[in-house]
Ligand code: GUN
């Protein structure tokens, strides 16, 4: 698919094609469509990432006027952490139930997460649960170029990172995943009649 084809898409087609560039966040594709025309893949990517960067973080101290004892007037479920929460756990219950998106299924499969032994699955489930309890969002890693040992290792390492740093790392991984998905889509052959 070339960039002219992308620029010619109506809203519905664009969201159908690019709606899962950011996992389960078609709203981002819907917003990016309004920014067309795009000059190339890099430009398209830039718009997806600018949307993410412009979202509020849920750290109350970053909001002017907010502080201890102030009523909550922002929704911590929205913003950048909300994007992370749209991701399923790696090797989690969705993989077992077969309810992953096609993209996530491919990425998890490429990392060998679809063929874990019982012990490895249990270890990853424990680490995923600890990570969620500590940070309040799931562990996200661009799994495609990883392998099962590296996923567990990285999860154990990031579990010990400070929260603000971990939010930045996780959003960086979302962008890596999005870059790879966009590159796949723009490389893809046009649909055969
Ligand atoms: N890395 C690549 N795809 C995914 C996904 O679907 N979920 C998580 N947590 N990480 C990923």
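Residue numbers (this note's numbering): 301 to 493.
By construction, the Cβ of each residue, glycine as well, lies at the ideal position given by its N, Cα and C atoms.
Since this is a predicted model, take the numbers as computed values, not measurements.
Run of the alpha helix (DSSP H) containing residue i, from where it starts to where it stops
{"i": "residue 479", "result": "463 to 487"}
{"i": "residue 311", "result": "311 to 318"}
{"i": "residue 419", "result": "418 to 435"}
{"i": "residue 332", "result": "326 to 333"}
{"i": "residue 408", "result": "402 to 410"}
{"i": "residue 304", "result": "303 to 308"}
{"i": "residue 385", "result": "380 to 385"}
{"i": "residue 340", "result": "Unbroken run through residue 340: none, as it is neither H nor E."}
{"i": "residue 450", "result": "448 to 458"}
{"i": "residue 323", "result": "Segment: none, residue 323 is in no alpha helix (DSSP H) and carries neither H nor E."}
{"i": "residue 444", "result": "Neither: residue 444 is in no alpha helix (DSSP H) and is coded neither H nor E."}
{"i": "residue 393", "result": "393 to 397"}
Residue nearest to residue i in terms of C-alpha spacing, selected from the options
{"i": "residue 387", "options": "452, 482, 458, 470", "result": "470"}
{"i": "residue 440", "options": "301, 322, 331", "result": "322"}
{"i": "residue 385", "options": "335, 307, 433, 304", "result": "433"}
{"i": "residue 429", "options": "454, 392, 419", "result": "392"}
{"i": "residue 307", "options": "394, 453, 344, 390", "result": "344"}
{"i": "residue 455", "options": "477, 480, 423, 482", "result": "423"}
{"i": "residue 475", "options": "301, 334, 347", "result": "347"}
{"i": "residue 421", "options": "389, 402, 436, 437", "result": "389"}
{"i": "residue 302", "options": "436, 325, 342", "result": "342"}
{"i": "residue 485", "options": "304, 317, 457, 309", "result": "317"}
{"i": "residue 329", "options": "478, 451, 315, 450", "result": "315"}
{"i": "residue 311", "options": "334, 404, 406, 450", "result": "334"}
{"i": "residue 438", "options": "419, 450, 459, 418", "result": "459"}
{"i": "residue 431", "options": "398, 331, 461", "result": "461"}
Next on the checklist: Would you call the stretch 412 to 423 in contact with the stretch 446 to 464, where contact means no fewer than 3 C-beta pairs closer than 8 Å?
Outcome noted: Yes: the two stretches touch, three or more of their Cβ pairs being nearer than 8 Å.
Checklist entry - Is there contact here, the stretch 464 to 480 with the stretch 341 to 358, by at least three beta-carbon pairs under 8 Å? => result Output reads yes: the stretch 341 to 358 touches the stretch 464 to 480.
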